Every structure is written in structure tokens, then in C-alpha cells.
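Here is the structure we will look at.
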Amino acid sequence: MPEERVYNFSAGPAVLPVSVLKQAQEELLCLPGSGASILEISHRSKQFGEILEQTKANVCELLGVPENYKVMFLQGGALLQFAMLPMNIIRNTNKSGNYLVTGSWSKKAAAEAKTQGKTDIIWDGKDERYVRKPTDAEIKLTDDAAYCYLCANETIEGIQYQREPNVSVPLIADMSSEIFSRPVDVKKYACLYACAQKNAGPAGVTLVVMRDDFVEMSGDDLASPLSYKQIADKDSMLNTPPTFCIYIMKLITDWLKEQGGLRAMHERNVEKAQLLYDVIDASNGFYTVHGNREYRSFMNVSFRTPSEDLDKKFQEEAKEHKLTNLNGHRSVKGERASIYNAMPREGVVVLRDFMLDFAKKYA
Ligand SMILES: *Cc1c(COP(=O)(O)O)cnc(C)c1O
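Quick note: to get our numbering, add 32 to the position in the sequence shown (first position is 1).
What follows is the structure in C-alpha cells.
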């Protein structure tokens with residue numbers, strides 16, 4: 033059992049800032065002003081009310097959320113959003129959800145949408161093994177499109193949009209593995225959402241930012257915990273929200289503001305990713321990246337060595353350098369280094385140096 037913290041490259045749940053963990057630890061027995069733990073107080077208490085408001089304010093400030101959007105905190109993970117979005121927007125209409133399938137997560141989102149209503153996969157990167165995103169010219173919407181759905185960063189394949197596509201219908205984005213990693217022009221989306229456990233907190237809360245006209249589309253026949261409108265009307269307090277998760281998201285968004293906001297995070301994230309991609313590109317083909325160059329993710333670096341045996345060795349030897357959870361997803365194999373906001377540059381440098389040594393030894 034390791035006694036000290038490692039460099040944890042897990043794809044999610046994933047690394048959190050040490051200062052946030054320390055603050056949570058310090059406040060765990062007694063949340064300032066409440067005489068009890070955040071785990072013990074009512075969601076209707078003044079203290080939690082303030083935490084919820086402050087978290088919302090932080091999210092709005094960091095993302096630049098316009099006035100005509102609602103910020104909601106839901107449970108059920110991103111997976112529930114895969115189903116809940118079409119349930120609220122296309123079920124019982126004659127409209128279609130148009131899906132850009134660029135990897136495992138958008139594929140899953142389209143499959144869930146199919147259970148709810150008309151779903152058209154208008155672009156699918158499967159035959160190319162999900163190595164890129166579509167160009168604008170390749171996106172052919174159906175006439176009955178209610179929205180165009182995308183996954184901003186495919187966590188498993190490690191491919192990411194460099195900018196949002198230009199389309200004539202509302203955009204919806206799953207931003208689970210890149211929320212808060214770079215500035216985003218929220219008004220280009222009718223809805224964006226992210227489960228917290230990649231880049232925004234612990235598992236158990238999902239952030240949903242939705243434009244008012246979409247919130248209003250929720251059918252009146254939906255059960256209340258599945259209706260965006262009813263959740264928004266009650267300010268995410270229809271029932272007990274995941275109070276501890278929201279509290280941690282507050283600490284993380286406080287931390288992001290201290291770090292200089294999303295522009296500063298983006299600069300640091302791109303620089304961290306470049307440290308790894310530079311080693312890969314200079315390795316004479318020893319390391320190869322899963323995705324095409326223009327779509328490489330700066331959050332999840334998905335790569336491989338020349339053989340599965342070496343991949344195994346890589347992950348074993350990495351552990352001796354306190355570098356953990358570098359295994360690729362079982363569907364893609366190879367290695368994956370998830371280098372979210374909270375992964376310090378120092379951890380990426382240790383990985384970079386290890387990669388250089390490993391290639392020298394086995395090339
Ligand atoms: C992790 C992840 C999901 C799934 O999130 P759950 O909270 O486990 O449902 C969905 N989309 C993306 C892009 C992810 O990275």
C-alpha cells in the first residue's frame with residue numbers, strides 16, 4: 033500500500049488539487065459557521081444554500097454563462113444526460129436528435145437517445161477507428177433536426193474538437209472530460225454538460241448548463257426528477273442534491289479562479305500535453321498516438337508502444353516512478369495519460385522523462 037501520493041493519470045474519477053483535498057480535510061469535521069460536517073447538514077441550511085449559490089456563481093464566472101441559461105446540478109452521471117436530453121427535447125415530437133459519433137462516448141449517447149425518440153447518426157468515425165472529428169462540410173443535418181450533438185473530448189480515444197462546428201441548429205455538447213480546461217463560448221450551445229469526476233470534482237454530480245428555451249421544452253408528462261424544467265424551477269433542490277459533491281465543486285472552482293481562470297488553465301494544459309506529444313513525435317515511431325494530429329486531445333493523451341508486451345512493461349515500470357493508471361481503455365489498449373487541470377506539470381515532467389528512458393531502453 034503506497035503511503036504517499038502518486039502521480040495519478042486515471043481517466044476518472046481522477047486527480048484533484050491537493051489544496052482542495054486539504055481544505056476538505058480541514059473542514060470535514062466542522063464546516064465553518066455550521067458546527068457540523070458538510071456531510072451532516074441539511075441541504076436547506078443557510079450554509080449549504082451559500083455553497084450552492086457560490087458554486088453557481090463560480091461556474092457562471094469561469095464559463096461566462098449568459099443570463100438566459102440555467103446552471104443545474106444533477107445526479108445520474110453523464111449517462112443519465114445521454115437519455116434525459118432526448119427524453120426532454122425530442123420524445124413526443126417529430127424532430128430528430130442529430131449525432132456526430134466520434135468515439136465511444138458519443139456512440140453511447142446516440143444509443144441511449146434511440147431509446148427516447150428519432151435519432152440520426154449524421155457522421156460516424158467508426159470506419160477510421162475514431163481518429164478525428166468531422167469537418168463542417170461533412171456535417172449534413174436532417175431537415176427535422178432539433179439539435180446537433182457532439183462529444184467535445186472523446187476521453188477514451190483522446191480526440192478533441194479544436195473549435196465547435198458551425199451548424200444551423202442548436203449544439204449540444206458532452207464536455208465531461210474537458211469542462212473548465214479551456215474557455216468556452218457558451219452561447220454557441222443550447223446545452224453543455226459534464227459529469228464532475230474527470231475535471232470538476234468527485235463522482236456523483238453532473239453539471240448541466242442549458243439555455244432557457246431548451247429548459248422550457250421539457251414535456252409536462254415527465255417524472256419530476258427527469259424534467260429539466262422542474263429541476264430548474266426548484267434550483268436543483270427538487271430533492272436532496274449531492275451536497276458533498278457540490279461542496280467539492282465549489283472548492284475546485286475557487287481554486288480555478290485563484291489559478292487565473294480558464295485562459296490560464298488552457299495555456300498550462302496545452303503546454304503539459306505538448307511535453308508528452310513532443311516525446312512521442314521525436315521517438316521515431318516507438319510511440320504512436322491514437323488520434324490524428326489536428327485532433328489530439330490535451331486532456332487524454334492516448335498512445336501505444338510497438339507491442340502489447342511493451343505496453344505491459346511500460347505500465348509496470350512506470351509504477352516504480354510513482355506514475356499510475358496509465359493503462360489505455362480496454363477498447364483502445366496501449367497507454368492513456370489523463371492530464372486534467374489538477375495534474376501538476378511536475379507529474380507530466382516525471383512521465384515525460386520516464387518515456388524518454390523507456391524508449392532508449394527498449395527501442
Ligand atoms: C466519463 C465520461 C462519461 C460517462 O460519465 P458517467 O458519469 O460515468 O456516466 C460520458 N462522457 C464522457 C466524455 C466521459 O468522459
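Where a beta carbon is used, it is the ideal one built from N, C-alpha and C, also for glycine. Quick caveat: nothing in here was measured; it's all calculated off a predicted structure.
Using a Cβ distance threshold of 9 Å, serine 268 and methionine 104 count as a contacting pair.
Contact annotation: lysine 282 and isoleucine 73 have beta-carbon atoms that are not nearer than 9 Å. In the three-state reduction of the DSSP assignment, isoleucine 121 falls in the helix class. The way I'd put it, the segment 292–301 doesn't touch the segment 255–263; fewer than three beta-carbon pairs between them come closer than 8 Å. When Lys261, Leu48 and Gly135 are compared, the shortest CA-CA separation from glycine 323 is found for Gly135. Inter-residue distance for threonine 275 and isoleucine 70 is about 7 Å (C-alpha atoms, whole angstroms).
For leucine 111, the distance from the CB to the nearest heavy atom of ligand 1 is below 8 Å.
For the set Met249, Ala222, Lys365 and Lys289, the Cα lying nearest the Cα of tyrosine 101 is the one of Ala222. Per the C-alpha coordinates, the member of Glu210, Glu196, Gln55 and Tyr394 positioned closest to lysine 219 is Glu196. Bounds of the beta strand (DSSP E) holding asparagine 332 are 332–336. Cβ contact annotation for leucine 288 (same chain, cutoff 8 Å, sequence separation greater than five): Asn90, Leu94, Phe212, Leu294, Met297 and Asn373, in chain order. Straight-line measurement puts the Cα of leucine 117 at about 22 Å from the Cα of isoleucine 278. Of the residues Asn332, Glu290, Gly292 and Gly67, the one whose Cα lies closest to the Cα of leucine 308 is Asn332.
Here isoleucine 204 is not near leucine 173, since their CB atoms are 9 Å or more apart.
Closer than 8 Å to some heavy atom of ligand 1: that does not describe the Cβ of threonine 147.
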